[in-house]
Amino acid sequence: MLAEDSPLPQSIGDVEELAQRLRGHISQLGTVVPPGGFALHRAQQIASVSVPDGHLPGKVHLVMLAEATQSLITTAQVHGAAPTKPMRRCRRWWPQLNVLRGSVFAVAIICLVLAALAPRA
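As numbered in the working numbering, residues 3 to 123 make up the sequence shown, in order.
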């Protein structure tokens with residue numbers, strides 16, 4: 003969640019925003035990990051605590067939330083509830099209907115122009 007080279011939040015508002023996002027991740031991951039596990043219980047306990055007053059205590063709480071979220075991700079991957087790599091679906095590209103209509107119209111105009119320019123026998 004937070005890499006070692008990630009910049010830390012500069013204001014208490016940034017800390018609050020990141021904490022809220024991590025709580026959302028914990029909530030979403032709570033539905034895919036086995037219930038009653040230690041990682042889930044710990045993450046939910048940390049997420050239920052509000053961000054402490056002060057910039058440095060807020061950052062410490064944010065790191066704890068990030069570590070708990072990462073632990074839940076690992077638990078979900080171990081139990082097969084989450085893919086280890088994001089899955090990419092190959093989807094065939096289809097042009098939009100108006101593009102097809104325009105192409106047919108352009109070909110028809112070209113055919114008419116070529117027919118008009120063709121020598122008559």
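C-beta: ideal position from N, C-alpha, C; glycine also. Quantities reported herein were computed from a predicted structural model and do not represent experimental measurements.
- Between the C-alpha atoms of Pro37 and His43 there is a straight-line separation of about 9 Å.
- Under the three-state reduction of DSSP, Ala78 is assigned to helix.
- Considering only Ala45, Val106, Ser13, Val109, the residue with the shortest C-alpha distance to Arg25 is Ala45.
- Under the three-state reduction of DSSP output, Pro11 falls in the coil class, being neither helix nor strand.
- Cβ neighbours of Phe107 within its own chain (closer than 8 Å, five residues either side excluded): none.
- In chain order, Val53 place their CB closer than 7 Å to the CB of Glu18, counting only its own chain and leaving out the 5 sequence neighbours on each side.
- Contact between Ile28 and Gly60 does not hold, since the beta-carbon distance rounds to 17 Å and is not under 8 Å.
- Looking at Ser105, Ala117, Val35, Pro97, the one whose alpha-carbon comes closest to that of His81 is Val35.
- Distance between Leu58 and Leu20, taken at the CA atoms: about 14 Å.
- Remark: C-beta atoms of His63 and Ile48 approach each other more closely than 9 Å.
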